[in-house]
Structure formats: structure tokens, C-alpha cells
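Shown next, in C-alpha cells, is the structure this report addresses.
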Amino acid sequence: PNAGPPTRSLICFSFPTLASRIPLTRVKSMRQNLREKNKLKDYLESHPYNVAYRSNDSDLDTGVQSVPMRNFLDVSVIYFGNISIGMPPQDFKVVFDTGSTDLWVPSIYCYSPACASHNVFDPHQSSTCRISKQAIHLEYGSGDMTGFLAYDTVRIGGLTVLGQAFGLSLQESGTFMKYAVFDGILGLAYPSLGIRRTIPVFDNLWIQNLIPQELFAFYLSRKEKEGSVVMFGGVNHSYYSGDLNWVPVTRPLYWEISMDNISMNGEVIACDGGCQAIIDTGTSLLIGPSHAVLDIQKIIGANRTRNGEYQISCNASNTLPDIVFTINGIDYPVPASAYIQQDVQGTCFSSFDKTRGSMFFPDLWILGDVFLRLYFTVFDRANDRIGLAPAV
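Mapping the sequence shown onto full-length UniProt numbering, position 337 (from 1) lands on 337, and the numbers just tick up by one.
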């Protein structure tokens, strides 16, 4: 146990363990696993990528806290880290996700097949755990998690959060977690997206005086195995070149910003007249409205496969021009070598994918790891803004 009040410090974490820089073994994404098992087509048809939004409050009378989320099929499993929960600590691999807010891990009470292959939390083995009677239900495009809320000590690297609310799963339906190499999710979006009447992990880091600044930042290395970091409470300037360009958050739910347009060779090819975009570490791809993405696939020469993906010649990585995302008057080029991905069999696919729109997000784009590997990103909660600069 720690004696005395916590001290403020800048903590810089490496994946997969957050206390030191340890090389990460390359693992397959859920999409790759499904592709190799010839199950990807059925999966994509059953679980189209859909943007989450908060549902109404009709579930409050039942005591169930329901937080809709989105498909984690394209979580880049390169970027997960270790945390521990309880006393003595129980370890978990979690995705640090700016597209959701809550922390949850599997529990010993979970009877789903997915839980059998993951680390599970045992409340009886933690002297500091407090179980609540509050049921939770988290919905994803690829399945759902039903469980309950608990409170315990959470350790992230050298930071220790006391009394942190987190979810424990009882059931994980669908194929959502069956093919995942991580155990749970640690959300870093705004509290308004999270479980009602709980304080998210990042907010507790600030409230409990564990970090000097109310911000965090991501550097996602383009190397295959190591180098990626998430920083809480400060920014390490060695990870980017030039100055940070600040963009206001337009809606404090996700990390949502306004985007001017998307262009190629000086011609607008999508987001003409402006649109909204989410900066999301919880997905690998560049996600956009169906009509816009289909236009881009045609422009770059990507053809739809039987699996529902878009295949493209690997030679196009050397010949196609940059696709430029203009945000707040600043151009952010994404080269063909980034928006074309090659799998282990040597086949190349477009990194663009489509989402179903909704009345809440009619023309929304999601800028995932394809974009974030190129640009160091600061998430500034104190000033509701995002900082972007070329990553080194």
C-alpha cells in the first residue's frame, strides 16, 4: 500500500506493459483471424460498422445502465497495454480507446466461451473490491457485454487510482471477444458517453491529483513491434516535429472535430463543404459514410471481394497520390503506403471502410490508427481540443 497522498507526475507508458518499454509481439487482428477462417463475409454482413450514440433514459427504471458502443472488429491489437485491478493486483490487457469511456474486464462469473480464453477478475481475491448491485449492458456492433459494476484500485503504470468504477462481464455474446487478444477496454472518451453516475478512469486521474495537466497523448509507432506510447498528464515533444495544431472539439461525447474536406491531387473527393470526424484509437481504419467511401474505392481502384472487403494492387502503394484530410485549415496527407495495407499472405486491401449513418451522425468520419500512426495526437480535456503534429 502507498503511504501519504499521491504525487503529480508525467507518466509515459509503453505497450504492452505500461511501466517500461517492452517490445510487443505482433498478433493478428480479429479481421485477419476471421479472414483466414473464411468467416469474414458472414461477419461483415451481420455486423456492419455502426457509430454508437447514447440511447434514451428508458432503462433507468430497471436500474440497468446501457451504453451503446461500436464495432471493435478493426481494433488494432498492436496497441494494447497492461493494467492491474485489485489488491493484490490482477493483470489485464486492455485497449486504450478514445472512442468509448468505460473500463471493463471479464469476471470469474462469466459463462461465455469468450471468457474462457481471457484473464478474468476474481472479486474474492481482492481485499479492496466493492461489488455494487448495479447491472450494466454494453452494446457493440459485434455483440454485447452484460455484467455488473464494481469498484476497486486500478493501476496504470506508476499511477494508482483508488475506488475506480469498472464493469465485470457475466456474458459476452457474439464473436466480439472470441477472437480478441485483449481482455477488456479502457475508455478515454468524455464522461457523457459512459455509464451514468460513474467517474471514468481519466477523470479520476485528474480528480485524485495524479497528473499535472488534464490531457493525454498518443504516439502510435509505425514499427511492427515496439515504440508506441500513451502519455497521461503531459506531452513529450520528441515524438513529433513542428508545432501542435489545435482543433476545437465540437461535441464533448467522442473526441469529435470539424473536418474541412478530403482531397486528392487538389480535388475534393469527400466531405465537400465540411463534415464531422472522430479521432479514435479504438479502430484501425479510415471509416466514412457509405457513398463517400465507395467513391474513394473507385478512385483508388479497389475492388470488392467475396468477403466484402476491398482489394487493391500492392503496386498502387507506389503510384497512387496522397489522400489529404484538411482539418481547421491544415492539410494532413495520408500516403498510399498508409491507406493500403498488406496482409500476411501478401494481399493488399484498402484501409477505407464504410459505416451506416444515423440521424445523430449522418456524415461522420472516423480517423483511426491509419491516420494516427502519421500524426502525434494530444487530447486536451481542460480546453476541449485536440492537438495534431507530424509524428517522428
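Note that CB positions come from ideal geometry on N, CA and C, so glycine has one too.
Check your understanding: Pick from VAL378, ASP280 and ALA114: whose alpha carbon is nearest that of SER173?
Key -> ALA114
**Study point:** Nearest neighbour of GLN134, chosen from SER127, ASP122 and TYR151 [CA to CA]
**Key:** TYR151
Review point. Under three-state DSSP, which class holds GLN125?
Key: helix
Check your understanding: For TRP206, which residues from the same chain have a beta carbon less than 6 Å from its beta carbon, with the 5 sequence-adjacent residues on both sides left out?
Key -> GLU214
Point to revise | Under the three-state DSSP convention, the category GLN208 falls into | key: coil
Practice item. Using three-state DSSP, classify ASN82 as helix, strand or coil. Key: strand
Review point. Does the Cβ-Cβ distance between THR326 and ASN265 come in under 9 Å?
Key: no
Point to revise | Residue range of the unbroken alpha helix (DSSP H) whose run includes PHE371 | key: 369 to 372
Practice item. With a 10 Å radius around its C-beta and 16 neighbouring C-beta atoms as the bar for buried, classify VAL51 as buried or exposed. Key: Low confidence applies here, because VAL51 scores a pLDDT of 44, under 50, leaving its location unreliable; read the following figure in that light. Per the 10 Å Cβ criterion, buried.
Practice item. Starting from the C-beta of GLN342, find all residues in its chain whose C-beta is less than 7 Å away, skip the five residues before and the five after it, and write them out in chain order. Key: CYS314 and CYS348
Review point. Is the beta carbon of ASP122 sitting closer than 9 Å to the one on ILE108?
Key: yes
Exercise for review: Can you grab the Cα-Cα spacing for the pair ARG304 / ALA316, in whole Å?
Suggested key: 16 Å
Review point. Where are the beta strand (DSSP E) runs, 3 residues long or more, that stay fully inside the segment 159 to 184, in chain order?
Key: 159 to 172
Check your understanding: Is the CB-CB distance between residue 394 and TYR332 below 9 Å?
Key -> Any answer about residue 394 is impossible in this case: the structure gives the chain only from 1 up to 392.
Check your understanding: DSSP puts LEU285 in a beta bridge; with which residues?
Key -> Looking at the DSSP assignment, LEU285 forms no beta bridge with any residue, so it has no partner.
Check your understanding: Alpha carbon to alpha carbon, how far is THR103 from VAL154?
Key -> For the record, residue 103 in the displayed sequence is Leu; it is not Thr. Cα to Cα, LEU103 sits roughly 10 Å from VAL154.
Point to revise | Same chain, Cβ closer than 8 Å to VAL161, five either side skipped, listed in chain order | key: THR153, VAL154, ARG155, VAL201, ASN204, LEU205, GLN208 and LEU210
Point to revise | Reference SER100; option with closest CA among PHE80, ILE185, GLN345 and ILE323 | key: ILE185
Check your understanding: How far does the beta strand (DSSP E) with THR355 in it reach, from first residue to last?
Key -> 352 to 355
Practice item. Starting from LYS93, follow its DSSP beta bridges and name the residues at the other end. Key: ASN82
Review point. Expressed to the nearest angstrom, what Euclidean distance is found between the alpha-carbon atoms of PHE166 and SER290?
Key: 35 Å
**Study point:** Cα-Cα separation, residue 393 to GLN171
**Key:** In the structure displayed, the chain extends from 1 to 392; residue 393 sits before or after that span and is not available.
Review point. If you compare alpha carbons, which of TYR310, ASN82, SER117 and LEU253 is closest to TYR179?
Key: SER117
Review point. Which of helix, strand or coil does DSSP assign to CYS115?
Key: helix
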